[in-house]
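One structure is given here, and the rest of the page talks about it.
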Amino acid sequence: MTPEETQFVAVQLVSIGGVAILVALAWLLGFRGGARIAGEAQVRDLAQAAQLAPPKAVAVDVDGRAALAEIDSDTVFLVKAMGDRFTTRVFKRRSVAGVKMYRPKGRGIGARLRFSDAGFDDVRLEFAEREAPAFVERLRRGARIN
Amino acid sequence: MQPEVPPWVPDDVVTLAVPAFIVLVILEMLVVRLFRRGAYDAKDSAASLLMGFGSTIAGVLTGGLYVVSAFWVYDNHRVFDIGWTWWGLLLCFLAEDFAYYVFHRISHERRIWWASHVVHHSSQHYNLSTALRQTWTGNLALSFITKLPLFWLGFPPAMVFFFTGVSLVYQFWIHTETIGRMGPLEWVLNTPSHHRVHHATNPRYLDANYAGVLIIWDRIFNTFVPETEEEKPRYGIVANLGTFNPLRIALHEWIAIARDLRDAQKPWHWVGYLFGPPGWTPDGSRDTSQSLKAKWKADQVAAE
């Protein structure tokens with residue numbers, strides 16, 4: 001390797017080491033996120049803050065990591081915990097690329113939602129009940145939500 | 147041929163500053179923990195820092211585009227021969243800072259450049275790690291075009307690159323909530339307060355304070371908005387991301403543009419989707435900064 005290449009590699013190693021140290025320190029100092037949706041009322045408040053119509057139905061993940069609200073036959077409102085913050089987004093039905101149901105261990109049922117928006121990871125909603133809320137099930141079938 | 151570079155000019159100012167970046171982030175975390183001013187989140191910081199790391203790799207892979215363009219303009223088309231004199235340095239600093247203002251402004255006002263720059267705004271936090279959340283695609287989007295006139299004027303490429311580095315290093319420390327106002331310096335310099343406004347999504351703060359080092363450009367071109375006590379900035383982007391995945395952060399807006407182009411009904415829609423403001427659609431069905439500001443102003447009037 002040339003001296004320039006050696007220096008470049010050294011700088012990258014210092015940088016990646018720095019990243020690891022800083023993330024570890026953030027974790028040790030207690031910056032561990034943990035935002036959780038308290039319940040349906042909080043989702044309704046967030047929908048109101050987003051100037052949406054009152055949700056017709058709300059489905060909240062049993063651990064409060066995410067929630068989905070039915071706004072109208074073509075619109076859902078998603079709330080997702082992102083570290084210590086929440087991200088909210090309004091999705092049209094066509095933007096819901098897929099809904100897959102699964103049986104999580106010790107829980108009733110789970111729904112994994114995939115969106116066509118590349119700025120969103122898949123979202124998992126798990127419920128204590130054996131059946132998912134009706135509007136989530138309709139979303140899975142690709143039908144109108146209500 | 148550009149004039150000989152003086153020995154006091156470092157090869158890469160930003161690389162030299164990396165250890166200082168690390169130390170300052172550690173100090174800020176401690177201040178946030180002890181005095182509860184500002185906020186950190188480990189996952190958010192990890193994403194920001196990985197974006198910063200990736201941007202250095204991307205810079206090596208794509209920076210040649212900028213360097214080749216700079217030398218081509220300088221070697222073939224320069225108007226003056228500006229050397230490493232005190233007045234040359236002063237003029238270059240001012241010209242580079244103004245070029246940064248123009249670059250930064252079009253990066254917010256034109257979607258094709260916003261697609262790269264959105265990365266830097268995609269954290270809901272505002273701390274020193276956010277400063278390092280940088281694009282991977284800026285050179286590919288030719289974000290450097292606003293710098294090319296400097297080489298045409300005759301500023302040596304090494305001088306421009308030096309001041310670009312100085313500007314980047316300067317802008318690092320202003321990404322913090324731990325510093326309030328800075329007195330008379332607020333008139334001339336870009337400060338943490340001014341830049342908090344720039345990162346805010348509150349309608350009153352949208353599309354403001356594009357400065358690099360000197361805030362005077364915003365004051366001259368009427369894009370300056372002061373931070374107010376009654377409205378605390380909410381950080382991030384209008385539609386915040388639901389991911390900490392660096393690849394998604396880097397590419398999500400490019401993917402959205404590609405989908406819009408695929409679904410465009412008429413050829414001129416392509417122009418709007420690429421060079422219109424972020425949020426532009428043929429039918430106006432999405433919000434732009436301007437429409438959000440207009441709604442906010444209408445609400446203000448209605449409330450009075």
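Residue numbers (the numbering used here), protein chains in the order written: chain A, 1 to 146; chain B, 147 to 450. Just so you know, even glycine gets a beta-carbon here, dropped at the ideal spot from N, CA and C.
query: Measure the C-alpha to C-alpha separation of residue 73 of chain A and residue 47 of chain A and round it to an integer number of angstroms.; result: 16 angstroms
query: Looking at the unbroken beta strand (DSSP E) that takes in residue 59 of chain A, where does it start and where does it end?; result: 57-60
query: Which residues, in order along the stretch 171-190 of chain B, keep a beta-carbon less than 9 angstroms from a beta-carbon of chain A?; result: 171, 172, 175, 176, 178, 179, 185, 186, 187, 188, 189, 190
query: In whole angstroms, give me the CA-to-CA distance for residue 189 of chain B and residue 234 of chain B.; result: 44 angstroms
query: Is the stretch 255-269 of chain B in contact with the stretch 277-296 of chain B, if contact means three or more CB pairs nearer than 8 angstroms?; result: yes
query: Give me the Cα-Cα distance between residue 17 of chain A and residue 173 of chain B, rounded to the nearest whole angstrom.; result: 17 angstroms
query: To which residues does DSSP link residue 197 of chain B through a beta bridge?; result: Answer by DSSP bridge pairing: none, since residue 197 of chain B is not bridged.
query: For the ligand COA, is there any heavy atom lying closer than 7 angstroms to the beta carbon of residue 184 of chain B?; result: Ligands are entirely absent from the displayed structure, and the ligand COA is therefore not among its contents.
query: Kindly indicate which three-state DSSP category residue 18 of chain A falls into: helix, strand or coil?; result: helix
query: Is the Cβ of residue 192 of chain B closer than 8 angstroms to any Cβ of chain A?; result: yes
query: For residue 354 of chain B versus residue 155 of chain B, is the C-beta spacing smaller than 8 angstroms?; result: no
query: For the stretch 99-121 of chain A, which residues have a CB atom closer than 9 angstroms to at least one CB atom of chain B, in sequence order?; result: 115, 116, 117, 118, 119, 120, 121
query: Specify the secondary structure class of residue 109 of chain A as computed by DSSP and reduced to three states.; result: strand
query: Along the alpha helix (DSSP H) that carries residue 43 of chain A, what are the first and last residues, could you check?; result: 40-49
query: Quick check: residue 394 of chain B and residue 377 of chain B, are their CB atoms within less than 8 angstroms of each other?; result: no
query: For residue 427 of chain B and residue 412 of chain B, what's the separation of their Cα atoms in angstroms?; result: 12 angstroms
query: State the Cα-Cα distance for the pair residue 89 of chain A and residue 64 of chain A, rounded to the nearest angstrom.; result: 16 angstroms
query: Using the rule of at least 16 other Cβ atoms within 10 Å of the residue's Cβ for burial, across every protein chain shown, is residue 285 of chain B buried or exposed?; result: buried
query: Could you work out which residues of chain A lie near residue 391 of chain B, taking near to mean beta carbons separated by less than 8 angstroms?; result: 121
query: Step through the CB atoms of chain A and report whether any lies within less than 8 angstroms of the CB of residue 314 of chain B.; result: no
query: Run through DSSP, which three-state label would residue 125 of chain A get?; result: strand
query: DSSP puts residue 72 of chain A in a beta bridge; with which residues?; result: A/75
query: Nearest CA to the CA of residue 9 of chain A: which residue from B/199, B/276, B/183?; result: B/199
query: From residue 435 of chain B to residue 33 of chain A, what does the alpha carbon distance come to, in whole angstroms?; result: 30 angstroms
query: Are the C-beta atoms of residue 388 of chain B and some chain A residue less than 8 angstroms apart?; result: yes
query: Inspect the CB distances between the stretch 333-353 of chain B and the stretch 316-325 of chain B and report whether three or more fall short of 8 angstroms.; result: yes
query: Identify which residue in B/275, B/253, B/221 has its Cα closest to the Cα of residue 193 of chain B.; result: B/275
query: Taking the alpha-carbon of residue 152 of chain B as reference, which of B/162, B/387, B/418, B/232 has the nearest alpha-carbon?; result: B/232
query: Tell me residue 96 of chain A's beta-bridge partners as DSSP assigns them.; result: A/115
query: Tell me whether residue 351 of chain B sits in a helix, a strand or coil according to DSSP, three-state version.; result: helix
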